[in-house]
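Undergrad: For the protein sequence lines, the chains are A and B, in the order given.
FYI, the numbering for the first sequence is 1410 to 1626, going by the numbering used here.
FYI, the numbering for the second sequence is 1410 to 1626, going by the numbering used here.
Got a structure for you, written out below as structure tokens; questions coming shortly.
Protein chains: 2
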Amino acid sequence: MENKHLSKNQLRRLPGYLHLLKSLSASGMKYISCQTIASCLDLNKEQVRKDVALISSIDGIPNKGRDINLLIKDIETILGYDDTNNAFIVGVGSLGTAFLHYKGFENFGLKIVCAFDKNPAIINSKISDKPIYDIANLNSEMINKLNVKIGIITVPADSAQEVADLMVKAGVEAIWNFAPVNIVLPKDIIISNMDLATSLSVLSHQLYLKKHKKGEE
Amino acid sequence: MENKHLSKNQLRRLPGYLHLLKSLSASGMKYISCQTIASCLDLNKEQVRKDVALISSIDGIPNKGRDINLLIKDIETILGYDDTNNAFIVGVGSLGTAFLHYKGFENFGLKIVCAFDKNPAIINSKISDKPIYDIANLNSEMINKLNVKIGIITVPADSAQEVADLMVKAGVEAIWNFAPVNIVLPKDIIISNMDLATSLSVLSHQLYLKKHKKGEE
DNA sequence: TTTTATTCGGTAATTAAATACCGAGTTTGG
DNA sequence: CCAAACTCGGTATTTAATTACCGAATAAAA
Chain A
1410 MENKHLSKNQ LRRLPGYLHL LKSLSASGMK YISCQTIASC LDLNKEQVRK DVALISSIDG
1470 IPNKGRDINL LIKDIETILG YDDTNNAFIV GVGSLGTAFL HYKGFENFGL KIVCAFDKNP
1530 AIINSKISDK PIYDIANLNS EMINKLNVKI GIITVPADSA QEVADLMVKA GVEAIWNFAP
1590 VNIVLPKDII ISNMDLATSL SVLSHQLYLK KHKKGEE
Chain B
1410 MENKHLSKNQ LRRLPGYLHL LKSLSASGMK YISCQTIASC LDLNKEQVRK DVALISSIDG
1470 IPNKGRDINL LIKDIETILG YDDTNNAFIV GVGSLGTAFL HYKGFENFGL KIVCAFDKNP
1530 AIINSKISDK PIYDIANLNS EMINKLNVKI GIITVPADSA QEVADLMVKA GVEAIWNFAP
1590 VNIVLPKDII ISNMDLATSL SVLSHQLYLK KHKKGEE
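Below you can see the structure in the form of structure tokens.
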């Protein structure tokens, strides 16, 4: 219905709103104003108003705000959390294993159904009830059978592109990449990079500044 | 020497440059132009030029570019990768365990030296040669002895703030937070949030758009 | 040596994001 | 029922980020 364009920054703020709203709703609150959201999350109120206006299906009520649960539903719809997407992991190393154990993804509408790896020692075993298949079997037939649209890459950097190509060939629609490389893909494939190095760089740089401001060794 | 201000966005691009430069350097290239970096990473060349100008200690040579290895060193310096920071983990769940196994952090100047948890079953055991201590022992004495300035939070959302407070009280300078909550901290403490939900939201939303554009169920 | 193709640095123009403002309407409390 | 206090939506302003432009300078090729 609404074809409004959300910028990446706006999109990134939504999970924060969602989290707050859920905890407020859980504590019994029924209505919320944009201003309240802003002060809770220490954001600019105009910014929150603008964000909320874009994603909300209803108008706010003056001097009252919006129905929290309706707003939660709107955000979840926009983020696609309301219907479940099946996903699979390629690369059952330490990170991949952690993901197979991690239950939290289902809150975001992501259900990890299986994994692929090339290590014969673990192929056909299970982790947290999710089967590990031979990477050689990752093809379109397989992903149709499993009904998965999302591939998660948790292999080392040097094989990430190769895995991505394999995924595309098998017909995935979206890739969530945890390897610290720039993956080149056809334009119609959705990709989101989760780069630890990038996140760490912000921290690391500020620490550097702090050190050098103080003049410490 | 240079007190130029780097924006968060610029900072986020640096790890990408660094990775590219390293692989080009490894393949024997000696000089690189900003334009080449831009085309490799599919970025705007003016943007790369501006970024590089801010962080480079030397001027570029017309029709030649810059010494790759010098540029690598400059980026590593700015990001603080060139001297090692010791860090510790709080929360030895699946993600925490993965991090204790993961070797890649050392490339970014981050050395995880130990972990804390409250689970008696694992306290005093070791993972990947790194000891796991009782969270009750996380205090200023301890972190001085270990010489750690960075704390990594991998506990569930509902105890993240509590752990963060404990870290601050113990005297850490920076916190890398993997729990999906907004942590409130004194202003002089550096924090970087690594929120899986935020990263996933971008992917999830695009998938939602794709579905609804096609008019599929 | 001269020409040509690049690259640089600095500045200007464009675009996008964040912030501020304001009139209108609604709930709440007297 | 009326006044005061909020909140809204829309618009305007400010700020920051991105992109484009241009003259000068160098390396490489002719």
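Note that CB positions come from ideal geometry on N, CA and C, so glycine has one too.
1. Look at the alpha carbon of B/Gly1425 and the alpha carbon of A/Gln1419, and state the distance between them as a whole number of angstroms.
2. Between the alpha carbons of A/Asp1451 and B/Asp1476, how many angstroms are there, rounded?
3. Starting from A/Ile1552, find everything on chain B with Cβ-Cβ shorter than 7 angstroms and list it in chain order.
4. Could you check whether the Cβ of B/Ala1394 sits closer than 8 angstroms to any Cβ belonging to chain A?
5. Using a Cβ-Cβ cut-off of less than 7 angstroms, list which residues of the segment 1422 to 1435 of chain A approach chain B; keep chain order.
6. Would a check of beta-carbon distances place A/Val1611 closer than 8 angstroms to chain B?
7. Run through chain A and tell me which residues come within less than 7 angstroms of B/Asn1591, C-beta to C-beta.
8. As an exercise, report each continuous alpha helix (DSSP H) stretch of at least 4 residues that is fully enclosed by the segment 1426 to 1481 of chain A, in chain order.
9. Taking 7 angstroms as the cut-off, is the beta-carbon of A/Leu1480 closer than that to any non-hydrogen atom of the ligand COA?
10. Please state the DSSP three-state secondary structure of B/Lys1578.
11. Please identify, using Cβ separations under 7 angstroms, the residues of the segment 1491 to 1524 of chain B that lie next to chain A, in order along the chain.
12. So what does DSSP say about B/Ser1416, is it helix, strand or coil?
13. What is the DSSP secondary structure of B/Phe1517, counted as helix, strand or coil?
14. State the Cα-Cα distance for the pair B/Phe1524 and B/Gly1474, rounded to the nearest angstrom.
15. Alpha carbon to alpha carbon, what distance is there between A/Leu1547 and A/His1428?
16. Less than 8 angstroms separating the beta-carbons of B/Ile1498 and B/Phe1514?
17. What are the partner residues of A/Ile1559, as DSSP defines its beta bridges?
18. Does DSSP put A/Pro1540 in a helix, in a strand, or in coil?
19. With a threshold of 6 angstroms on Cβ separation, who are the neighbours of B/Leu1461 within its own chain once the five nearest residues in sequence on each side are excluded?
20. Measure from the C-beta of B/Met1576 to each C-beta in chain A and report whether the shortest distance is under 8 angstroms.
21. Quick check on the DSSP output: the alpha helix (DSSP H) that includes A/Ser1503 runs from which residue to which?
22. Figure out for me which residue from B/His1621, B/Lys1459, B/Ile1481 and B/Leu1415 has the closest Cα to the Cα of B/Ser1432.
23. Against A/Asp1604, what residues of chain B qualify as contacts under a CB-to-CB distance less than 7 angstroms, listed in chain order?
24. Quick check on DSSP: helix, strand or coil for A/Arg1422?
25. Could you please give me the residues that DSSP links to B/Asn1602 through a beta bridge?
26. Using a cut-off of 8 angstroms between C-beta atoms, extract the partners of B/Tyr1617 located in chain A.
27. Whose Cβ in chain A lies nearer than 9 angstroms to the Cβ of B/Ala1583?
28. Would you mind telling me which residues of chain A sit closer than 8 angstroms to B/Leu1420, beta carbon to beta carbon, in chain order?
TA: In short, the structure shows the following:
1. Their Cα atoms are separated by approximately 23 angstroms.
2. Those two C-alpha atoms are separated by around 43 angstroms.
3. By Cβ distance, chain B contributes nothing, its closest Cβ being about 15 angstroms from A/Ile1552, past 7 angstroms.
4. Any question about residue 1394 of chain B goes unanswered here, given that chain B covers just 1410 to 1626.
5. Leu1423, Pro1424, Gly1425 and His1428
6. yes
7. B/Asn1591 reaches chain A at Gly1425 and Leu1450, counting residues in chain order whose Cβ is nearer than 7 angstroms.
8. 1443 to 1450 and 1454 to 1464
9. The ligand COA is not part of this structure, which contains no ligands at all.
10. helix
11. Asn1494, Ser1503, Leu1504, Thr1506, Ala1507, His1510, Tyr1511, Phe1517, Gly1518 and Leu1519
12. coil
13. helix
14. Just to set this straight, residue 1524 of chain B is Ala in the shown sequence, not Phe. If you take the alpha carbons of B/Ala1524 and B/Gly1474, they lie about 44 angstroms apart.
15. 35 angstroms
16. no
17. A/Ala1496 and A/Ala1583
18. Assignment of A/Pro1540 by DSSP, reduced to helix, strand and coil, places it in the strand class.
19. For clarity, residue 1461 of chain B is Val in the given sequence; the question names Leu instead. Counting only Cβ-Cβ distances below 6 angstroms, and skipping sequence neighbours, we find Cys1443.
20. no
21. Taken as a continuous stretch (DSSP letters only), the alpha helix (DSSP H) holding A/Ser1503 covers Ser1503 to His1510.
22. If you compare the alpha carbons of B/His1621, B/Lys1459, B/Ile1481 and B/Leu1415 with that of B/Ser1432, the shortest gap goes to B/Ile1481.
23. Pro1424
24. helix
25. B/Asn1586
26. Thr1486, Ile1487, Leu1488 and Gly1489
27. Leu1612, Ser1613, Gln1615, Leu1616 and Lys1619
28. B/Leu1420 reaches chain A at Ser1610, Val1611 and His1614, counting residues in chain order whose Cβ is nearer than 8 angstroms.
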